[in-house]
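Undergrad:
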Amino acid sequence: MVNLAVMGHGVVGSGVVEVVLSHQEGIKRHAHEELNIKYVLDLKEFPDSPVADRFTKNFDDILNDPSVEIVVEVMGGLHPAFDFVHKCLCAGKSVVTSNKELVAAKGAQLLAAAKEHNVNFLFEASVGGGIPIIRPLSQCLAANSVLEIAGILNGTTNFILTQMIDENMSFKNALALAQERGYAERDPSADVDGDDACRKICILAALAFGKHVYPEQVHTEGISDLSLSDVAFAKEWGGEIKLIGHVKRMENGQIEIIVCPMFVKKNNMMAAIDGVFNGIMVNGDATGEVLFYGKGAGKLPTASAVVADVIDCMKHRQARKYLFWSDDAAPDYVQDYLDRPTAMYVRVSGNAAEQVEAVFGHVRWLANADAASGETAFIIEKPLPERTIREKLARLADMGVCVQNTVRLLHFNAEENEEVIA
Ligand code: HSE
-2 MVNLAVMGHG
8 VVGSGVVEVV
18 LSHQEGIKRH
28 AHEELNIKYV
38 LDLKEFPDSP
48 VADRFTKNFD
58 DILNDPSVEI
68 VVEVMGGLHP
78 AFDFVHKCLC
88 AGKSVVTSNK
98 ELVAAKGAQL
108 LAAAKEHNVN
118 FLFEASVGGG
128 IPIIRPLSQC
138 LAANSVLEIA
148 GILNGTTNFI
158 LTQMIDENMS
168 FKNALALAQE
178 RGYAERDPSA
188 DVDGDDACRK
198 ICILAALAFG
208 KHVYPEQVHT
218 EGISDLSLSD
228 VAFAKEWGGE
238 IKLIGHVKRM
248 ENGQIEIIVC
258 PMFVKKNNMM
268 AAIDGVFNGI
278 MVNGDATGEV
288 LFYGKGAGKL
298 PTASAVVADV
308 IDCMKHRQAR
318 KYLFWSDDAA
328 PDYVQDYLDR
338 PTAMYVRVSG
348 NAAEQVEAVF
358 GHVRWLANAD
368 AASGETAFII
378 EKPLPERTIR
388 EKLARLADMG
398 VCVQNTVRLL
408 HFNAEENEEV
418 IA
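So, in structure tokens, the structure goes:
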């Protein structure tokens, strides 16, 4: 029998307890051993829980019990999660977490501690909730060189954008609906500002390219500046707006990485990912494009990924799983986003055709989606370094043109998909 401790009894933690209790037979069949929840760590009381007698408020009960071999961390946040997880690894216990903030900020350090103490540190649930992505990326696609990854990595913002696109609902009302349905937190900033998606693309980038990428190194924009005009102009262009995390390895060894809303062509598989669903597209040199799709959040999908990692730890008690990245990237490993070439949508007030063409030359004009607003929009179709586009937009502003908003175009697997930016 293997003893487990679960740190945190919120949505995911209670889901982990539920999945472990309801899948005893299946777990035993896979791991050839029984799994026993010995402790649940939480400051609150849960007298109605089927494991009410195993609750503790004292982390040391877990740390100092040598019979606990595997610890699940689902408390969230960096503190005290980092301290607890690090101590458990150093005490020779394997740790499984769903905490993307922890993995994105401290993954390299915790993987090194796991390696040093010959235990496992697994985090399948930290990206894409119930969607298998960490294991496929580190094992099933291991014979590939990953070229790039683009993902819809946040269910809350995808739900909001879907409401704006399909129901013509304003950002404010769609956010209120997401909060009413329990998708968005009362303080929704981590989701709507793109921070949650940023942590997830950092984890995927580290796994795919072997070096830790810190969220502070990634240019991140959220969705709160998008208007229904942008949504309508995107339709006119032939696509939809999605919040995308994108990372690509460059020939010089740098990576380009960004999180921001992007125009996605209707015929791109990412455009079909709606509501709270997530989708992650990986382009491998041998496989070509592979798409992972499913529920990226929620109690049971996330708990199922956590428990699958626990089963993996049970099966690898003597042999550590090879999951590792280093923290030794060169200072310029992440390319300045202003040097990243991109095609761009631009929305301006009034008719500025003469000034726009004087500055940018030929652009593609989009039919006025909402004539009443007096706004026009155009697409800079030929990718230019973003710095060049920003300089030209500043020249437009000097000519009296008011730029209302800009949105980048998704540019994925460009050689194969010329039409993506056509
Ligand atoms: N807030 C996240 C989302 C939860 O909306 O996707 C899962 O990380």
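With this note's numbering, the residue at position 136 of the sequence shown is 133, and numbering never jumps.
Where a beta carbon is used, it is the ideal one built from N, C-alpha and C, also for glycine.
Small disclaimer: the values here were computed from a predicted structure and weren't measured.
Write down the C-beta distance between D306 and V8 rounded to the nearest angstrom, noting that I regard them as a contact closer than 8 angstroms.
TA: Between V8 and D306 the Cβ distance is about 17 angstroms, and since that is not below 8 angstroms, they are no contact.
Undergrad: When you compare each of D282, K103, Q315 and V331 to N115 by their alpha carbons, which one comes out closest?
TA: The residue with the shortest Cα to Cα distance from N115 is Q315.
Undergrad: Starting from S346, trace the alpha helix (DSSP H) in both directions and tell me its first and last residue.
TA: First-last for S346: P338 to S346, but that is the beta strand (DSSP E), not the alpha helix (DSSP H).
Undergrad: Identify every run of the beta strand (DSSP E) within the stretch 25 to 68, keeping only runs that are complete inside it and at least 3 residues long; order them along the chain.
TA: You should have 32 to 38.
Undergrad: Using C-beta distances below 8 angstroms, list every residue in its chain close to A394, excluding the 5 sequence neighbours before and after it, in chain order.
TA: So the list reads V400, once near-sequence residues are dropped.
Undergrad: Could you name each continuous alpha helix (DSSP H) segment of 4 residues or more that falls completely within the stretch 164 to 232, going from the start of the chain to the end?
TA: 168 to 177, 186 to 189 and 192 to 206, all fully within the stretch 164 to 232.
Undergrad: Quick check: what's the CA-CA separation for A269 versus L1?
TA: Straight-line Cα distance between these residues: approximately 39 angstroms.
Undergrad: Output the boundary residues of the alpha helix (DSSP H) element that contains K389.
TA: Residues E383 to D395.
Undergrad: Assuming the contact rule is C-beta atoms closer than 8 angstroms, V124 and K97 should be a hit. Round their C-beta distance to whole Å, please.
TA: About 7 angstroms separates the two Cβ atoms, so the contact holds.
Undergrad: Would you call the stretch 206 to 225 and the stretch 117 to 134 in contact, with 3 or more CB pairs under 8 angstroms?
TA: Output reads no: the stretch 117 to 134 does not touch the stretch 206 to 225.
Undergrad: With a threshold of 7 angstroms, establish whether the CB of D193 neighbours any heavy atom of ligand 1.
TA: It does: the Cβ of D193 is within 7 angstroms (strictly closer) of some heavy atom of ligand 1.
Undergrad: Would you tell me roughly how many angstroms separate the C-alpha atoms of L134 and S142, rounded to the nearest one?
TA: C-alpha separation (whole angstroms): 10 angstroms.
Undergrad: For P63, count neighbouring Cβ atoms within 10 angstroms of its own Cβ and tell me buried if that reaches 16, exposed if not.
TA: Counting Cβ neighbours within 10 Å, P63 comes out exposed, since fewer than 16 surround it.
Undergrad: Shortest alpha-carbon distance to A364 belongs to which of D329, I377, K312 and W234?
TA: If we check each option's Cα against that of A364, W234 comes out closest.
Undergrad: Say yes only if the C-beta of N151 is nearer than 7 angstroms to one or more non-hydrogen atoms of ligand 1, and no if none qualify.
TA: N151: yes, Cβ under 7 angstroms from ligand 1.
Undergrad: Answer yes or no: do G276 and F289 have a C-beta to C-beta separation smaller than 8 angstroms?
TA: Result yes, Cβ atoms of G276 and F289 sit closer than 8 angstroms.
Undergrad: Check for me: the alpha helix (DSSP H) holding C87 runs from which residue to which?
TA: Here the alpha helix (DSSP H) through C87 covers A78 to C87.
Undergrad: Give a yes or no on whether the C-beta atoms belonging to I252 and Y334 are separated by under 8 angstroms.
TA: Their beta carbons are not under 8 angstroms apart, which means I252 does not touch Y334 by this criterion.
Undergrad: With hydrogens ignored, establish whether the beta-carbon of A294 is closer than 7 angstroms to any heavy atom of ligand 1.
TA: Within the cutoff, so yes.
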